[in-house]
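A.B. asks:
Residue numbers (the working numbering): 68 to 361.
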């Protein structure tokens with residue numbers, strides 16, 4: 068299967084055999100990520116980058132503003148095949164999507180999902196240019212939280228523009244519309260893609276939402292689908308004081324799962340055949356936390 072971690076860069080694969088934002092800390096983490104990646108979409112932030120060797124054949128068609136704002140830690144596109152329908156979680160400015168479109172070819176399809184408007188703006192502006200250069204399209208970008216892939220946030224924003232929330236009744240209407248969109252017009256339906264890939268993004272999801280994230284990856288893949296995930300993992304559980312640091316969280320450090328927990332999360336979601344296909348040396352950014360009993 069392939070429904071696909073000290074910190075170390077790890078690429079894992081897993082096979083498919085067959086959501087709510089919390090208060091307080093989770094909101095702070097989401098806002099920290101939003102601010103940092105909005106800034107990174109407008110100006111290159113070197114601290115978010117890990118050196119990655121991409122196949123140069125696939126880079127010539129991609130615009131500089133996309134290439135320069137690549138904040139991944141590996142290249143999951145090398146595990147794709149021609150003709151596949153691929154979902155990229157946390158697609159950013161679209162670099163891996165544009166590489167993947169050349170791998171899967173005109174018979175394939177690539178869907179990038181991100182929640183950051185600034186990142187999506189760069190990706191969507193680049194898409195027609197890249198399509199012309201490679202000779203085919205097949206790349207699209209949607210807005211959603213990757214732990215809630217059914218809720219199309221662009222569609223929800225359009226509904227909100229026509230139905231602003233002003234009282235409890237309109238709030239209830241908003242909640243009903245979210246349920247309707249998830250059920251009747253999901254951004255990603257069940258069993259809708261062949262491969263889910265992600266490049267150093269799962270760690271950015273709040274701790275209490277990670278179970279929903281793995282469940283969503285499983286949901287959108289059919290029996291026999293694959294997940295190919297490149298991410299940062301920790302050798303031990305990240306201490307609370309580091310997880311509460313917005314800079315470390317948005318920098319892909321303190322949201323990292325402990326390696327065994329990362330792999331176990333795939334098993335709990337229903338995947339099997341999980342294995343590491345590549346492990347890189349730690350990226351050279353280390354934090355040590357110590358505490359003593361009073």
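Glycine residues also receive a C-beta, built at the ideal position from the N, C-alpha and C atoms.
1) Ignore the nearest five residues each way along the sequence and tell me which others in residue 191's own chain have a CB closer than 7 Å to its CB.
2) Excluding the 5 residues flanking residue 142 on each side, which residues of the same chain have their C-beta closer than 7 Å to its C-beta?
3) Taking the alpha-carbon positions, what's the residue 343 to residue 202 distance?
4) Which partner residues does residue 325 have in the DSSP bridge list?
5) Our contact map puts residue 266 next to residue 324 with C-beta atoms below 8 Å; I'd like the distance itself, whole angstroms only.
6) Confirm, please, whether the CB-CB distance from residue 204 to residue 181 is below 9 Å.
7) Take residue 93 and list the residues in its own chain whose beta-carbon comes closer than 8 Å to its own, dropping the five residues that flank it on each side.
8) Please say whether residue 189 and residue 167 have beta carbons closer to each other than 9 Å?
9) Quick check on the DSSP output: the beta strand (DSSP E) that includes residue 208 runs from which residue to which?
10) Where does residue 160 fall in DSSP's three states?
11) In this structure, does DSSP put residue 221 in helix, strand or coil?
12) According to DSSP, simplified to helix, strand and coil, what is residue 216?
13) For the beta strand (DSSP E) that residue 176 lies in, which residues bound it at each end?
14) Return the Cβ separation of residue 176 and residue 128 in integer angstroms, given the expectation that the two are a contact with Cβ distance under 8 Å.
15) Note the first and the last residue of the continuous alpha helix (DSSP H) segment covering residue 271.
16) In whole angstroms, what separates the C-alpha of residue 300 from that of residue 236?
17) Is it a yes or a no for the segment 277–289 touching the segment 324–338, going by three-plus beta-carbon pairs under 8 Å?
18) Out of 258, 294 and 198, which one is the CA nearest neighbour of residue 145?
19) For residue 216, which residues from the same chain have a beta carbon less than 7 Å from its beta carbon, with the 5 sequence-adjacent residues on both sides left out?
20) Less than 7 Å between C-beta atoms, sequence neighbours within five positions excluded: which residues of the same chain meet that for residue 125?
21) Where does residue 219 land, buried or exposed, given buried means 16+ other C-beta within 10 angstroms?
22) Return the first residue and the last residue of the alpha helix (DSSP H) that residue 133 is part of.
23) Below 7 Å CB to CB, which residues in the same chain sit around residue 222 once its five sequence neighbours on both sides are set aside?
24) Out of curiosity, what's the CA-to-CA distance linking residue 264 and residue 178?
25) Going straight from the alpha carbon of residue 347 to that of residue 260, what length do you get?
26) Which one of 290, 242 and 246 has the shortest CA to CA distance from residue 257?
27) Leaving out five residues on either side along the sequence, give the residues of the same chain with a beta carbon under 8 Å from the beta carbon of residue 149.
28) Given a cut-off of 9 Å, decide if residue 130 and residue 193 are closer than it, judged by their beta-carbon atoms.
29) What residue range is occupied by the uninterrupted alpha helix (DSSP H) comprising residue 200?
30) On a Cα-Cα basis, can you pick out the residue from 232, 307, 157 and 197 that is closest to residue 280?
31) Between the C-alpha atoms of residue 245 and residue 292, what's the straight-line distance to the nearest angstrom?
C.D. replies: A quick look at the data gives this:
1) 208
2) 119 and 121
3) 34 Å
4) 301
5) Residue 266 to residue 324, Cβ: 16 Å. No contact.
6) no
7) Note that residue 93 has pLDDT 43, beneath the 50 cutoff, so the model's placement of it is unreliable and the number below is only indicative. Correct list, in chain order: 273, 274, 275 and 276.
8) no
9) 206–210
10) coil
11) helix
12) coil
13) 176–181
14) With a Cβ gap of about 17 Å, residue 176 and residue 128 do not count as contacting.
15) Element bounds for residue 271: n/a, residue is neither H nor E.
16) 44 Å
17) yes
18) 294
19) 180, 254, 255, 283 and 287
20) 166 and 169
21) buried
22) 131–134
23) 248 and 252
24) 10 Å
25) 28 Å
26) 290
27) 170, 171, 172, 174 and 175
28) yes
29) 184–201
30) 157
31) 27 Å
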